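**Student:** Just so you know, we're using the working numbering here: the sequence shown kicks off at 38 and counts up by one.
I am attaching a structure below and will ask some questions about it afterwards.
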Amino acid sequence: MIEIYNWQELSVAKQLELLSRPVSANKANLISGVRDILNEVQQNGDKALFEFTSKFDGVGLDNIEVSTDEIKNAYSLVSQDDINLIKSSIARISNYHEVMKPKTTVCDTNDGVVCKKVYKPIEKVGLYVPSGSAPLVSTLIMLAAPAQIAGCKEVYVTTPCDKNGNVHPLILIAADICNVSKIYKLGGAQAIAALAYGTETVAKVNKIYGPGNSWVTEAKQQVSNDSQGAAIDLPAGPSEVLVVADESANPRFVAADLLAQAEHGTDSQALLITTSQILADKVRDEVSKQTSTAQRRAIIEKSLENSAIIIVDTLHQAINIGNEYASEHLILNIENADEYIDSIENAGAVFVGPWAAEALGDYITGSNHVLPTYGYAKAYSGLATIDFMKAISIQNVSKQGMKNIGKMAMRLANIEGLRAHENAIAIRLESL
């Protein structure tokens, strides 16, 4: 059962507790556990991957890499309607990310001085696709489609297999349509380690993408801080949603949105902030009702222990709390919702109005669903085409340009005491 709290009646400590993410209490154990896994994979390569897959997933693999035959066979295991659905989803996501692809920019900063910024694809990228409690084919598309649009030359996918050593056929099909290079049957922190450091089978990549549980998120953070590791996209861990609703909201809609996040995993979090006691009561009843018939009831019930309904005095207060929480997903199920958008400072993605179900954004609106969690929306953005590229600055200076800015640069170098810098400009000015 999800609990209801009146914000004004809570101590500051209790307020902070309600807004804290569920994994933070075990952070020390998480950090050391992930470090051990990373070290083991670095030292023992494939051997460690086989052992961890057996230990954590209960699977005795013969091969880590998905074979060409397995990919071909996947097409015979699903309906043509589902294949067409995957193709349609890929097309929609690709169209959006093509529009958002960064373009070369040029600026004449002075007569004879031209600066450009050009964008090049990151050559080798690794995509982590969760598949622990559900095969997230949508995540494969959200990662592989923009990688393809960006022009990444080598795209490697890791995703957990089932107890029989098989990867869900729709994940294989989506990966095939998106022209990924290779697919590996790996999950958890060990998959991140393999992509970051490479093994006998798994290719080392330049950057790692994708959401995961707290172990995956911590592994990404650690390898990104290692000069021998890999860069990462953003901290995208257990799913979370914050719904801001007033008395106009349909309690069935609100409850459904909360449960749509709660079913992701036992470490997910769903919060409702409302100005209406009546709505709070109705949503709590609806949550109970909808949970009782939910397919993933056990997961939802555990997730709801991390969740809450919070009653506040005003929508302004609700927005302020939301900005402090910095949710992965923020739903504004309130009257005149558009009027509040400019007040939103921190959120991975915002869904505006009663019909903007967050679940639509998970699959088919076109925008990317890989978003910052754990409050990282205060500093990070959701995944975009530009994340699969890097910018290179190009600077052209003519003789006239050197005449125009050379002496200023020399003076600045002199102020900083960098005589060699000053000389590199001076000898050119003398040659004019």
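Backbone N, C-alpha and C define an ideal beta-carbon position, used for all residues, glycine too.
Quick caveat: nothing in here was measured; it's all calculated off a predicted structure.
For A512, collect the residues of the same chain with a Cβ closer than 8 Å to its Cβ; drop the 5 residues on either side in sequence, then sort them by chain order.
**Tutor:** Absent from the structure is residue 512, since the part of the chain shown begins at 38 and ends at 469.
**Student:** Compute the Euclidean distance between the alpha carbons of L114 and Y165, then round it to the nearest angstrom.
**Tutor:** In the sequence shown, counting from the first residue as 1, residue 114 sits at position 77. In the sequence shown, counting from the first residue as 1, residue 165 sits at position 128. L114 and Y165: Cα-Cα distance of roughly 23 Å.
**Student:** Hey, out of G224, H406, A273, C152, whose CA is closest to V434's CA?
**Tutor:** Within the sequence shown, the letter at position 397 stands for residue 434. Checking every option, the nearest Cα to that of V434 belongs to C152.
**Student:** Can you tell me whether DSSP reads P158 as helix, strand or coil?
**Tutor:** Here residue 158 refers to the residue found at position 121 of the sequence shown. Correct three-state label for P158: strand.
**Student:** Do H406 and S168 have their CB atoms nearer than 8 Å?
**Tutor:** The count along the sequence shown starts at 1 and reaches residue 406 at position 369. The count along the sequence shown starts at 1 and reaches residue 168 at position 131. Cβ distance not < 8 Å, so H406 and S168 don't count as in contact.
**Student:** Residue range of the alpha helix (DSSP H) that Q45 falls in?
**Tutor:** Working through the sequence shown from its first residue, we reach residue 45 at position 8. Segment: none, Q45 is in no alpha helix (DSSP H) and carries neither H nor E.
**Student:** Considering only DSSP beta bridges, list what N147 is partnered with.
**Tutor:** Here residue 147 refers to the residue found at position 110 when the sequence shown is read from its first residue. According to the DSSP secondary-structure assignment, N147 is paired through a beta bridge with V150.
**Student:** Let's test the definition: count the other Cβ atoms within 10 Å of the Cβ of T105 and tell me whether it reaches 16, buried, or not, exposed.
**Tutor:** Taking the sequence shown and counting its residues from 1, one reaches residue 105 at position 68. Exposed.
**Student:** Near L53, which residues of its chain fall below 6 Å by C-beta distance, leaving aside the five closest residues on each side in sequence?
**Tutor:** Working through the sequence shown from its first residue, we reach residue 53 at position 16. Spatial neighbours of L53 in its own chain (CB-CB distance under 6 Å, excluding positions within 5 residues in sequence) are not present.
**Student:** How about the stretch 394-412 and the stretch 127-142: do they share at least three Cβ pairs that are nearer than 8 Å?
**Tutor:** yes
**Student:** Whose C-beta lies closer than 8 Å to the C-beta of I120 among residues of the same chain, with five residues either side of it excluded?
**Tutor:** Indexing the sequence shown from 1 puts residue 120 at position 83. Y112, I210, listed in sequence order.
**Student:** Decide if the stretch 194-211 is in contact with the stretch 176-183; the criterion is three or more beta carbon pairs, one per stretch, under 8 Å apart.
**Tutor:** The stretch 194-211 is in contact with the stretch 176-183.
**Student:** Check the DSSP bridge columns for A345 and list the partner residues they point to.
**Tutor:** On the sequence shown, position 308 is the one that residue 345 refers to. A345 is bridged to E40, L308.
**Student:** Taking 7 Å as the limit between beta carbons, can you name the residues of its chain near A293, skipping five residues before and five after?
**Tutor:** For the purposes of this step, residue 293 is identified with residue 256 of the sequence shown, where counting begins at 1. Taken in chain order, the residues that qualify are Q327.
**Student:** Under the assumption that A75 contacts A226 (Cβ atoms under 8 Å), give the Cβ distance between them as a whole number of angstroms.
**Tutor:** Residue mapping note: residue 75 aligns to position 38 of the sequence shown, counting from 1. Residue mapping note: residue 226 aligns to position 189 of the sequence shown, counting from 1. Per the sequence presented here, residue 75 reads as Leu, with Ala not at that position. Right, the Cβ-Cβ distance comes to about 7 Å (below 8 Å), so this counts as a contact.
**Student:** Looking at the structure shown, is K124 part of a helix, part of a strand, or coil, going by DSSP?
**Tutor:** Within the sequence shown, residue 124 is the residue found at index 87, counting from 1. Residue state, collapsed to three classes: helix.
**Student:** Please list the terminal residues of the continuous beta strand (DSSP E) segment that includes I401.
**Tutor:** Sequence index remark: in the sequence shown, residue 401 carries index 364 (1-based). No beta strand (DSSP E) holds I401; DSSP gives it neither H nor E.
**Student:** Determine, using beta carbons only, whether N441 and D148 come nearer to each other than 8 Å.
**Tutor:** Working through the sequence shown from its first residue, we reach residue 441 at position 404. Working through the sequence shown from its first residue, we reach residue 148 at position 111. Contact: yes.
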